[in-house]
Amino acid sequence: MLSAESLALIDKEVAKYPSEHKQSAVMSALRIAQVELGWLSRDAIEYVANYLEMPAIAAYEVATFYNMYDLAPVGRNKVTLCTNLPCQLQGADKIAEHLQARLGIGFGETTADGRYTLKEGECMGACGHGPLCLHNNHKMHANLTPEAVDKLLDEMK
Amino acid sequence: MSLNAPNHKVCTWTLDYDNPASLATYTANGGYEALRKILSEKTPAEDIIAQVKTSALRGRGGAGFPTGLKWSFMPRAFPGDKYVVCNTDEGEPGTFKDRDILMFNPHQLIEGMIIAGYTLGAKAGYNYIHGEIFEQYESWQQALDEARTAGFLGRNILGSGWDFDLHAHHGYGAYICGEETALLESIEGKKGQPRFKPPFPASFGLYGKPTTINNTETLASIPWIMRHGGQAFLELGKPNNGGSKLFSVSGHVNKPGNYEIPLGTPFADLLEMAGGVRKGHQLKAVIPGGSSAPVLTAEAMMACTMDFDSISKAGSMLGSGAVIVMDDSVCMVKALERLSYFYFEESCGQCTPCREGTGWLYRIVHRIESGRGRPEDLDELLRIGKNIAGNTICALGEAAVGPVASFVKHFRKEFEYHIEHKRCMVGV
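Structure, rendered in C-alpha cells:
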C-alpha cells in the first residue's frame, strides 16, 4: 500500500526508539502514510499497524485522537487557519471571512473541484506572527493579509 | 554576544549572527564548551545539580517548578534505562518562544539535553515537538545530525567513553500532550491521555523507566549556567526567580514577538519593547502567562514586574511567559468564548468533569455572546468551574476554569451588559 520511499522513512522513525517499542513510531508512520495517500482510510491505518506489529485498534485510537490526521478525503490543498485568541486579536476573523468568501466554502468543507479544503485550527505556537495558517499540515504561512491569502491560494495547484 | 561572557540573552544571543542556527556560530562563541569541560573533568552529577539549584532556574514551560529540585528526584544510581525528555509541545495560546529556540539556537538546546542526560544517568533523550511546527522538527533533526557528526552525540562522546543519543518526536495536533505524562504516552505511540500521579515520571516515566521532563527554554539555559555558574544566573534575575526569561508578546501591540529580559523587569518596560499598544487605544487587559493564566486588568498589570512571584501575588501566574495584550476594542465575552472553545476542543475526554464541564462552560459563554444569556448564567459558570477544578487527573480542567473565573471576576459588568442588552457594550 505504501511506496518503498515511505517505508524507508518509517524505518528511519522506528530506529529512533528501543527495538521493543516500535509502536512509538506510529504517529510518524501515520503522518508519512497520510502524505503519500492524501488521507487515512481504515485500510491505511491497519496497514501501518501491521507494519509496526501493533494492534490495529491502537493505531486507530491514535489516528482519531490527534487532529492533524484526516480520516476522510480532503482537497489537494488543506488550509488550516488558526482562529485562537492571539490570532483573533491580530485579525484572524477577517482572514477567515476572506478565505470563506473567496473559496465559497465554510470551515470543514472542500471545494467542488477538490482543490481546496478549509479547516479551523487551534494554536500553532507562532502567535506573534499571526494571523497564520498551515498548508497541508507542514508548511506555515504567517502574517496573513487578504492580499497575501489571494496570492497563496493562486499558487496552490 | 556569545556564551563566553555572562549576559542576559541566555537563549537568544545567537540572533546577533548571520547564521544563528549553525553549529559553526555556536562553537565559535563558546558553544559545547560546558559539555567538553564536564566530560573531561568528569564533573560529579551532584555538583551539576547543585549549580542548577543555586541558579534558581524554574521551569519555563508553565508550572515554574525548580529545575534543580526536579533533577534531584531522579534515581540516578538506579540500574537500567533512564530518559531525558524535552517538552517542545508548545501549544498554549500565546506561547511561541520554544519555536524560536529551535529555529535560532538549536545547539544550545542539544547541549543542554546532553548535559541533562549525563547528569541524570540517561541513555537517550527525546524532544517532543509540537505538531504544527513541522519545519522546526525537520531543522532541529538536521542540527542533531550535525552534532552527531561533530562527536557530541552517539558513542564515546568526545572520547569520554560515555554514550548518549537524542531524537526528535513529532506530535500531530493535541494540546494535551504538553502535559508531561500525556506527552510520555504519546511518545509511546498512544493517545495522549495524562497518567494518574503518583507514580511520578522520575520513578515511572517513558516505557516505565525513570524519566525527567523539562521545557525547551529550561534545558537551553543549562549550558549558560554551567559556563558561568548558578550564582551568575541567579543574579541575572531576582531571588527565587533566577535568570532571564523569554516573553512571547502577542495581541494588540505594535511589535509582537519574543523578548528575553531578566526576571523582575517591570511589565511597563516589556510593553514598551513590544512597541506599546496600538495608536489611539488604551490597554484594557493582559493575560500574563498563556491562555490558562487568569486575566489581569491593565491597572493590576502595570503594577507588576515580570517574574513568578510578582505575577502570582497579583492573582495570576507567569506560566509559559506568554503575554496576550488586549486593548479597549476587545469584547471580553467574545475573547473568553474563543478560549473556552479551545479547552472544550482540547479536553482529552478522560475525566468526566473536564470532558463535560468544558463543553458546558463553552456553551454558556457562547450563548451570552450570542445574546441568549440568562441572568443566572454567571453564577452557573462559577459553579461549574468549582466542580471541574480539583476533580480531574491533570491540570487542563483548572486551565479551562482559570480564564472563565477571572474574566467574570474582573469584567463582570461586561458580561451582565451582554445578558441584559443582548449585545456588547464595547464601542457603544
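Protein chains in written order, with my numbering: chain A, 1 to 157; chain B, 1001 to 1428.
Cβ coordinates follow ideal geometry from the N, Cα and C atoms, glycine included.
Going by the beta-carbon positions, is the gap between residue i and residue j smaller than 7 Å?
{"i": "residue 1343 of chain B", "j": "residue 1285 of chain B", "result": "no"}
{"i": "residue 1246 of chain B", "j": "residue 1097 of chain B", "result": "yes"}
{"i": "residue 1317 of chain B", "j": "residue 1311 of chain B", "result": "yes"}
{"i": "residue 1415 of chain B", "j": "residue 1426 of chain B", "result": "no"}
{"i": "residue 1126 of chain B", "j": "residue 1169 of chain B", "result": "yes"}
{"i": "residue 116 of chain A", "j": "residue 75 of chain A", "result": "yes"}
{"i": "residue 1216 of chain B", "j": "residue 1067 of chain B", "result": "no"}
{"i": "residue 1189 of chain B", "j": "residue 24 of chain A", "result": "yes"}
{"i": "residue 138 of chain A", "j": "residue 152 of chain A", "result": "no"}
{"i": "residue 1076 of chain B", "j": "residue 1112 of chain B", "result": "no"}
{"i": "residue 1062 of chain B", "j": "residue 1250 of chain B", "result": "no"}
{"i": "residue 125 of chain A", "j": "residue 1133 of chain B", "result": "yes"}
{"i": "residue 1191 of chain B", "j": "residue 61 of chain A", "result": "yes"}
{"i": "residue 123 of chain A", "j": "residue 84 of chain A", "result": "yes"}
{"i": "residue 1056 of chain B", "j": "residue 1234 of chain B", "result": "yes"}
{"i": "residue 1221 of chain B", "j": "residue 1322 of chain B", "result": "no"}
{"i": "residue 1110 of chain B", "j": "residue 1147 of chain B", "result": "yes"}
{"i": "residue 1373 of chain B", "j": "residue 1404 of chain B", "result": "no"}
Just curious, the beta strand (DSSP E) that residue i is in, first and last residue?
{"i": "residue 1126 of chain B", "result": "1124-1129"}
{"i": "residue 1420 of chain B", "result": "Note, residue 1420 of chain B: premise wrong, no beta strand (DSSP E); alpha helix (DSSP H) at 1412-1421."}
{"i": "residue 1213 of chain B", "result": "1211-1215"}
{"i": "residue 121 of chain A", "result": "116-121"}
{"i": "residue 1165 of chain B", "result": "1165-1170"}
{"i": "residue 134 of chain A", "result": "133-135"}
Once DSSP output is grouped into helix, strand and coil, what is the label at residue i?
{"i": "residue 1343 of chain B", "result": "helix"}
{"i": "residue 1287 of chain B", "result": "strand"}
{"i": "residue 1005 of chain B", "result": "coil"}
{"i": "residue 1403 of chain B", "result": "helix"}
{"i": "residue 1249 of chain B", "result": "strand"}
{"i": "residue 1294 of chain B", "result": "coil"}
{"i": "residue 107 of chain A", "result": "coil"}
{"i": "residue 1244 of chain B", "result": "strand"}
{"i": "residue 127 of chain A", "result": "helix"}
{"i": "residue 93 of chain A", "result": "helix"}
{"i": "residue 1015 of chain B", "result": "helix"}
{"i": "residue 1322 of chain B", "result": "strand"}
{"i": "residue 1309 of chain B", "result": "helix"}
{"i": "residue 141 of chain A", "result": "strand"}
{"i": "residue 113 of chain A", "result": "coil"}
{"i": "residue 1327 of chain B", "result": "strand"}
{"i": "residue 1159 of chain B", "result": "helix"}
{"i": "residue 1010 of chain B", "result": "coil"}
{"i": "residue 1280 of chain B", "result": "coil"}
{"i": "residue 1154 of chain B", "result": "strand"}
{"i": "residue 1193 of chain B", "result": "coil"}
{"i": "residue 1118 of chain B", "result": "helix"}
{"i": "residue 1180 of chain B", "result": "helix"}
{"i": "residue 1203 of chain B", "result": "coil"}
{"i": "residue 17 of chain A", "result": "coil"}
{"i": "residue 1221 of chain B", "result": "helix"}
{"i": "residue 1408 of chain B", "result": "helix"}
{"i": "residue 1034 of chain B", "result": "helix"}
{"i": "residue 1372 of chain B", "result": "coil"}
{"i": "residue 1174 of chain B", "result": "coil"}
{"i": "residue 29 of chain A", "result": "helix"}
Since residue i is in the alpha helix (DSSP H), which residue starts that stretch and which ends it?
{"i": "residue 1230 of chain B", "result": "1230-1236"}
{"i": "residue 1359 of chain B", "result": "1352-1369"}
{"i": "residue 151 of chain A", "result": "146-155"}
{"i": "residue 1258 of chain B", "result": "No alpha helix (DSSP H) contains residue 1258 of chain B, which is instead part of the beta strand (DSSP E) from 1257-1262."}
{"i": "residue 1271 of chain B", "result": "1267-1273"}
{"i": "residue 1137 of chain B", "result": "1134-1149"}
{"i": "residue 14 of chain A", "result": "4-14"}
{"i": "residue 1026 of chain B", "result": "1023-1028"}
{"i": "residue 1391 of chain B", "result": "Looking at the DSSP string, residue 1391 of chain B is not in any alpha helix (DSSP H), and its letter there is neither H nor E."}
{"i": "residue 24 of chain A", "result": "Run containing residue 24 of chain A: none; DSSP gives neither H nor E here."}
Roughly how far, in whole angstroms, is the beta-carbon of residue i from the beta-carbon of residue j, given that I think they are within contact range, below 8 Å?
{"i": "residue 1105 of chain B", "j": "residue 1181 of chain B", "result": "About 28 Å; that fails the 8 Å criterion."}
{"i": "residue 1084 of chain B", "j": "residue 1116 of chain B", "result": "5 Å"}
{"i": "residue 33 of chain A", "j": "residue 48 of chain A", "result": "5 Å"}
{"i": "residue 1156 of chain B", "j": "residue 1165 of chain B", "result": "Not confirmed; about 12 Å, so no contact."}
{"i": "residue 118 of chain A", "j": "residue 79 of chain A", "result": "6 Å"}
{"i": "residue 1281 of chain B", "j": "residue 1327 of chain B", "result": "4 Å"}
{"i": "residue 1176 of chain B", "j": "residue 1361 of chain B", "result": "Going by Cβ atoms, the distance from residue 1176 of chain B to residue 1361 of chain B rounds to 17 Å, so no, they are not a contact pair."}
{"i": "residue 1010 of chain B", "j": "residue 1260 of chain B", "result": "7 Å"}
{"i": "residue 13 of chain A", "j": "residue 28 of chain A", "result": "4 Å"}
**Study point:** In chain order, each alpha helix (DSSP H) run of at least 4 residues that lies wholly inside the region 1038-1116 of chain B
**Key:** Segments of the alpha helix (DSSP H) lying fully in the region 1038-1116 of chain B: 1045-1055, 1067-1072, 1097-1104.
Point to revise | Any beta strand (DSSP E) of 3 or more consecutive residues that is wholly inside the region 31-90 of chain A | key: Runs of the beta strand (DSSP E) inside the region 31-90 of chain A: 77-82.
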